[in-house]
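Residue numbers (our numbering): 215 to 439.
Below: one structure, written as structure tokens.
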């Protein structure tokens with residue numbers, strides 16, 4: 215399993231990022247139609263949490279087979295992986311919208327978990343002369359290259375990759391006293407921490423605007439930042 219993925223695909227059209235879907239497939243498709251998304255030329259990167267809480271989990275999983283779509287692993291994908299062999303993770307998952315997963319045929323569950331286990335923790339895209347980074351929840355480092363180098367590390371007893379999927383520290387740093395802009399990257403796009411509107415902290419953009427809660431899904435045009 216590669217924790218880091220650099221998107222090598224040459225993007226002919228535009229690059230977009232989408233916030234946490236949580237099973238809201240129809241909402242995504244409507245949003246893409248509204249913005250005139252070109253499925254042949256454009257590319258969409260998800261910040262994770264494709265599933266749970268919403269009604270169309272399997273359709274959202276099928277997005278991973280589309281050439282115009284990429285995704286990092288969110289904590290809800292991680293719960294699918296961990297919940298198969300960890301009773302505590304399973305209980306946490308069910309309590310947070312994951313009951314649909316354990317109602318599936320056993321082989322289907324394992325197939326989905328296998329797909330999710332292959333998802334990277336971080337994606338990097340070079341686009342129009344700028345470098346964009348994508349993670350689900352948190353980036354502790356103020357330097358993108360240092361972050362990539364430390365992805366396999368354990369810091370203070372916690373795997374860096376787990377903190378990326380589950381952490382909210384940077385989102386909570388409203389005063390900007392603990393974190394600064396992330397160097398060696400134009401922008402970092404994150405989800406996980408829900409807000410009624412996009413939140414920008416330095417060059418970090420938090421784009422989980424509550425698709426499953428308020429039917430407000432953010433699809434961010436990266437030409438605009």
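In this text, a Cβ means the ideal position worked out from N, Cα and C, and glycines have one as well.
Since this is a predicted model, take the numbers as computed values, not measurements.
In the structure shown, what three-state DSSP assignment does residue i receive?
i: residue 443; result: Missing from the structure shown is residue 443; the chain here goes from 215 to 439 and no further.
i: residue 373; result: strand
i: residue 238; result: coil
i: residue 361; result: helix
i: residue 385; result: coil
i: residue 220; result: strand
i: residue 396; result: coil
Would you call the CB atoms of residue i and residue j closer than 8 angstroms?
i: residue 291; j: residue 333; result: yes
i: residue 351; j: residue 390; result: no
i: residue 230; j: residue 434; result: yes
i: residue 245; j: residue 438; result: no
i: residue 266; j: residue 312; result: yes
i: residue 338; j: residue 220; result: yes
i: residue 349; j: residue 286; result: yes
i: residue 336; j: residue 253; result: no
i: residue 396; j: residue 363; result: no
i: residue 399; j: residue 315; result: no
i: residue 449; j: residue 288; result: Outside the displayed span of the chain (215 to 439) sits residue 449, for which this structure offers no information.
i: residue 248; j: residue 227; result: no
State the beta-bridge partners of residue i as determined by DSSP.
i: residue 285; result: 260
i: residue 433; result: 232
i: residue 341; result: 344
i: residue 368; result: 373
i: residue 404; result: 420
Would residue i count as contacting chain C if we go by Cβ distances under 8 angstroms?
i: residue 412; result: The structure shown contains no chain C; it is built from a single protein chain.
Please determine, among the options, the residue with the shortest C-alpha to C-alpha distance to residue i.
i: residue 274; options: 326, 388 and 320; result: 326
i: residue 225; options: 279, 283, 315 and 368; result: 283
i: residue 408; options: 396, 428 and 399; result: 428
i: residue 264; options: 250, 254, 412 and 406; result: 406
i: residue 318; options: 393, 260, 294 and 383; result: 294
Cβ pair count under 8 angstroms reaching 3, the region 415-424 against the region 230-239: Short answer: they touch.
Segment contact flag, the region 239-254 with the region 356-363, C-beta cutoff 8 angstroms, min 3 pairs: Contact between the region 239-254 and the region 356-363 is absent: fewer than three C-beta pairs spanning the two stretches fall below 8 angstroms.
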